[in-house]
Every structure is written in structure tokens, then in C-alpha cells.
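Residue numbers (the numbering used here): 24 to 300.
All C-beta atoms in this analysis are idealised placements derived from N, C-alpha and C, irrespective of residue type, glycine included.
Here's the structure we're looking at; comments come further down.
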């Protein structure tokens with residue numbers, strides 16, 4: 024006879040209630056109706072009933088256990104690996120016993136150094152010449168004079184006059200205008216602008232840009248050249264702008280405000296043209 028415990032898939036020390044539960048479990052699992060009435064399922068059901076009858080009777084169970092081979096011993100537990108603490112770092116030696124760092128020996132006093140100056144003086148002279156040439160190009164007429172970085176940082180900048188802060192607007196709803204409009208401004212420049220010397224033909228393409236501040240009364244202040252042309256033209260442009268009458272101030276949200284404004288003046292032989300920026 025086969026091992027009844029293996030047929031019911033239980034341990035050898037199973038209790039009667041455990042044997043009963045295993046019997047019903049295997050009987051439902053190997054029901055011939057679930058397997059189409061196969062011969063294997065019928066033989067399995069017959070073995071399940073025989074194993075159940077043998078194990079539920081104490082006398083037949085004792086005889087059955089005497090025939091079975093002894094159970095295998097439980098597997099031995101692995102021996103624990105002894106813990107070995109990591110090796111400690113050697114102690115740091117005291118400062119007095121440390122080895123002094125190596126130092127590069129100082130150059131001998133008799134070592135000649137004139138050769139280094141002789142080899143580098145052409146480079147030094149070349150750098151000085153380049154700086155002189157660049158400086159002369161920056162001072163040449165027609166060079167664009169950039170606006171200060173403080174004016175480019177934001178469109179609204181505070182300007183303190185005494186104790187009262189003044190806000191200068193770059194973006195306005197109504198820009199400032201010359202009294203009478205552009206035609207009056209062109210007429211004013213034509214009447215008051217004087218040409219100090221003949222302008223070469225190669226310089227007919229350029230002019231002078233003047234930048235100034237217009238307050239709420241239309242008065243011009245902080246008049247300066249932001250794009251130079253010729254020294255005589257720069258002086259003449261500054262003179263004529265300083266003599267201008269008050270302008271119509273700019274408006275922002277229905278109120279008169281301070282604002283920046285620039286004026287472009289072209290110097291041409293026998294003809295003067297202006298533009299606003």
C-alpha cells in the first residue's frame with residue numbers, strides 16, 4: 024500500500040480533524056465528474072478513501088506507521104558566520120613626528136634675469152601700442168556714446184531732487200512735442216542752426232543725437248550728446264537745443280510726467296533735416 028500521508032498530503036503527526044479536512048479536500052479535487060469520468064480519477068478516489076479509512080482507525084494507523092520508513096531528519100541549520108570587526112585605521116602621528124613638506128629651493132642670487140626682460144620687452148611694447156590705437160579710435164568723431172547702464176536697467180528710474188523723489192518715464196501715453204509740431208521744430212532749426220565749416224562729402228550720412236529730460240513744465244535739462252559727429256557739430260547742436268523754448272510735456276495716465284527724449288540732427292551743406300527718436 025502506498026503512503027496514506029502522501030495521498031492525503033498531510034504530515035505524519037496530523038490530528039484526526041486535519042485528516043478529515045484533507046480527505047474532503049482531495050475528494051473534491053479528484054471528483055470523477057470534474058475529470059470527465061477518467062479511469063485515473065476513479066483510481067485516485069479509491070486510494071483517497073482507503074487512506075482515510077486507514078488513518079482514522081488507530082489500530083490500522085499504528086500498523087501502517089510501523090511499515091513506513093523512518094522520516095528524514097530535518098535539515099541542519101547553517102552555522103552563523105562569526106562577525107569580524109573591520110580593521111581600524113592606524114592612529115595619526117603627532118604633529119612633531121610628521122615629515123616636513125618639501126620646499127622648492129630658492130633661486131641662486133647670481134642667476135641672471137636680464138635675459139627674461141630682453142625676451143619679453145617686444146611683447147610689452149606691442150601691447151602698449153595696441154592700447155594707444157584703441158584709445159584713439161574710441162575718441163574719434165562719429166563714435167557712438169552709449170547711454171549709462173542705470174538708464175537701461177529699467178524703464179522707470181527714480182531721480183532725487185532735494186528731498187522730493189522724481190520718476191522719469193520712458194514709456195508714456197502721449198510723447199512730448201515741440202510747440203507747433205514737427206514743422207515748427209524744423210523751421211526753428213533752419214533759422215537758428217549755423218554751419219561752422221564745410222562738411223566733407225564722406226560725412227553726409229551722419230549727424231548728432233542729443234538726449235535730454237523734459238519735466239512737467241516742458242523745461243529741458245540734462246542735455247547731452249549720445250552720438251557724436253564732429254566737434255563743431257556737437258557744440259552747435261548743444262547750443263541750439265539749450266536755447267529751445269519749453270516743450271509740451273508728456274502725459275501718462277492723464278497726468279503730465281517727466282520723460283526722456285532724444286533729437287537727431289543731420290548736418291548737410293545748405294540743408295538741415297531733423298528727426299525725433
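Would you be able to state if there are at least three C-beta pairs under 8 Å between the segment 190-201 and the segment 246-265? Contact between the segment 246-265 and the segment 190-201 is absent: fewer than 3 CB-CB pairs across the two stretches fall below 8 Å.
Would you say residue 214 touches the ligand NAD, meaning its beta carbon is less than 7 Å from a heavy atom? Absence of the ligand NAD from the depicted structure is noted, as is the absence of any ligand whatsoever, leaving it without description.
Neighbour-count burial assignment, residue 267, 16 or more Cβ in a 10 Å radius: Against the chain shown, residue 267 aligns to sequence position 244. Flag for residue 267 reads buried.
Name the one or two DSSP bridge partners that residue 46 has. Along the chain shown, read from residue 1 onward, the residue named residue 46 stands at position 23. DSSP, once it has assigned bridges, lists no residue as partnering residue 46.
Counting along the chain, where does the alpha helix (DSSP H) carrying residue 84 start and finish? Reading the chain shown from its first residue, position 61 is the one you call residue 84. Segment 81-90, the alpha helix (DSSP H) holding residue 84.
Counting only runs that start and end within the segment 219-292, where is the alpha helix (DSSP H) found for 4 or more residues in a row? 254-265
Going by alpha carbons, who is nearest to residue 94 out of 84, 64, 262 and 35? Against the chain shown, residue 94 aligns to sequence position 71. Checking every option, the nearest Cα to that of residue 94 belongs to 35.
Measure the alpha-carbon distance for residue 194 versus residue 150 and round it to whole angstroms. Here residue 194 corresponds to residue number 171 of the chain shown, with the count starting at 1. Here residue 150 corresponds to residue number 127 of the chain shown, with the count starting at 1. When rounded, the distance between both Cα atoms is 45 Å.
What do you get for residue 39, buried or exposed, if any count of 16 or more other CB atoms within 10 angstroms of its CB means buried? One-based indexing of the chain shown puts residue 39 at position 16. Classification of residue 39: exposed, given that the 10 Å Cβ count is below 16.
Please classify residue 33: does DSSP put it in a helix, a strand, or coil? The residue you call residue 33 lines up with position 10 of the chain shown. In the structure shown, residue 33 sits in coil (DSSP, three-state: anything other than H, G, I, E or B).
Identity of the residue in 286, 73, 269 and 237 nearest residue 189 by Cα: For the purposes of this step, residue 189 is identified with residue 166 of the chain shown, where counting begins at 1. Of the candidates 286, 73, 269 and 237, 237 places its Cα closest to the Cα of residue 189.
Which one or two residues does DSSP pair with residue 200 in a beta bridge? Within the chain shown, the letter at position 177 stands for residue 200. DSSP output for residue 200 lists 271 as bridge partner(s).
Closest to residue 50 by CA distance: which of 67, 61, 62 and 63 is it? Reading the chain shown from its first residue, position 27 is the one you call residue 50. Minimum Cα distance to residue 50 is reached at 67.
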